[in-house]
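Asker: Residue numbers (my numbering): 2 to 104.
Structure provided below as structure tokens; questions to follow.
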């Protein structure tokens with residue numbers, strides 16, 4: 002009986018999907034005229050960027066869940082939104098005026 006761990010299965014799946022992705026675009030490129038090759042290359046690059054983004058997102062979400070599951074009664078988990086946007090001074094002034102506060 003062959004035992005394969007989860008990470009090995011994920012790696013095999015990623016390799017298969019990656020190979021199918023490149024075969025798909027190679028097949029389209031062979032069967033299309035040269036005028037479309039630049040457009041196909043741009044589409045392929047955008048799709049690769051999107052797939053990389055989705056892969057990172059899934060990985061980070063799984064790591065987040067691992068950290069949550071590791072919590073017990075004596076530990077704390079501090080979540081910080083690293084994408085917070087700093088308001089410009091004019092927006093802050095408008096916000097202060099709106100709420101009637103003086104800074």
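Heads up, the beta-carbon is just placed ideally off N, CA and C, and yes, glycines get one too.
Nearest by alpha-carbon distance to residue 52: which of 18, 13 and 72 is it?
Answerer: If we check each option's Cα against that of residue 52, 18 comes out closest.
Asker: So residue 44 is in the alpha helix (DSSP H); what residue range does that whole segment cover?
Answerer: Counting along the chain, the alpha helix (DSSP H) containing residue 44 begins and ends at 38-70.
Asker: Among residues of its own chain, excluding the 5 on either side of residue 1, which ones have a beta-carbon nearer than 7 Å to its beta-carbon?
Answerer: One cannot answer for residue 1 here, as it falls past the ends of the chain, which runs 2 to 104.
Asker: Is the distance from the Cβ of residue 41 to the Cβ of residue 26 below 8 Å?
Answerer: Yes.
Asker: Alpha carbon to alpha carbon, how far is residue 28 from residue 108? Give it in angstroms, no decimals.
Answerer: Because the chain spans 2 through 104 in this model, residue 108 falls outside it and cannot be assessed.
Asker: Pull up the distance between the alpha-carbon of residue 63 and that of residue 43, whole angstroms please.
Answerer: Their backbone Cα atoms lie some 30 Å apart in a straight line.
Asker: DSSP state of residue 33, grouped into three classes?
Answerer: Here residue 33 sits in coil by DSSP.
Asker: Does DSSP classify residue 77 as helix, strand or coil?
Answerer: Correct three-state label for residue 77: coil.
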